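Under the numbering used here, think of the first position of the sequence shown as 1, with each following residue one higher.
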Amino acid sequence: MPILNLYNLKEFDSALISQILSIYITDVTKDIERLSELLKSNQHEEIRRLAHKIVGASKTVGATKVAEIAEEIEDKAEKKAPINDIQFIKSLNGAFNEVKEHIYKNDLIH
């Protein structure tokens with residue numbers, strides 16, 4: 001599975017793709033920080049909502065691994081199941097950092 005699959009953005013020019021990816025990085029960085037805080041407090045509805053937002057944004061830009069991890073968090077929060085916050089945040093941050101590294105390494109943001 002590629003780190004980033006830009007297929008969903010293929011209709012856009014490189015300037016718009018760059019702008020979308022820049023917004024994605026900014027927003028998801030904040031969302032993961034907030035999610036990390038929420039996971040410690042077991043606020044299931046807020047966790048579900050924020051994880052859902054990360055899923056949508058990540059699927060849009062083709063960050064499949066980030067979307068899959070956030071979707072797991074969303075599902076657990078929806079079921080009010082126990083969530084191992086350290087494991088999920090570590091996995092989510094790892095996948096997100098891979099995406100950011102790929103974006104910067106390939107000069108996808110101008």
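Note that CB positions come from ideal geometry on N, CA and C, so glycine has one too. Model, not experiment: these values are computed from the prediction.
Would you report the Cα separation of Val66 and Ile83, rounded to the nearest angstrom? 17 Å
With a CB to CB cut of under 7 Å and the five nearest residues on each side skipped, what residues in its chain are close to Ser96? Reading off the sequence shown, one finds Phe at residue 96, where the question assumed Ser. Result list for Phe96: Val28, Ile32, Val66, in chain order.
State buried or exposed for Tyr24, treating a residue as buried only when at least 16 other CB atoms are found within 10 Å of its CB. buried
Between the CA atoms of Gly62 and Lys10 - distance to the nearest angstrom: For Lys10 and Gly62, the distance between alpha carbons rounds to 11 Å.
Quick test of the definition: if touching needs 3 or more C-beta pairs under 8 Å, does the region 69–85 touch the region 44–61? yes
Given this structure, state the Cα-to-Cα distance separating Ile195 from Ser14, to the nearest angstrom. An answer regarding residue 195 cannot be provided, because it is not within the stretch 1 to 110 covered by the chain.
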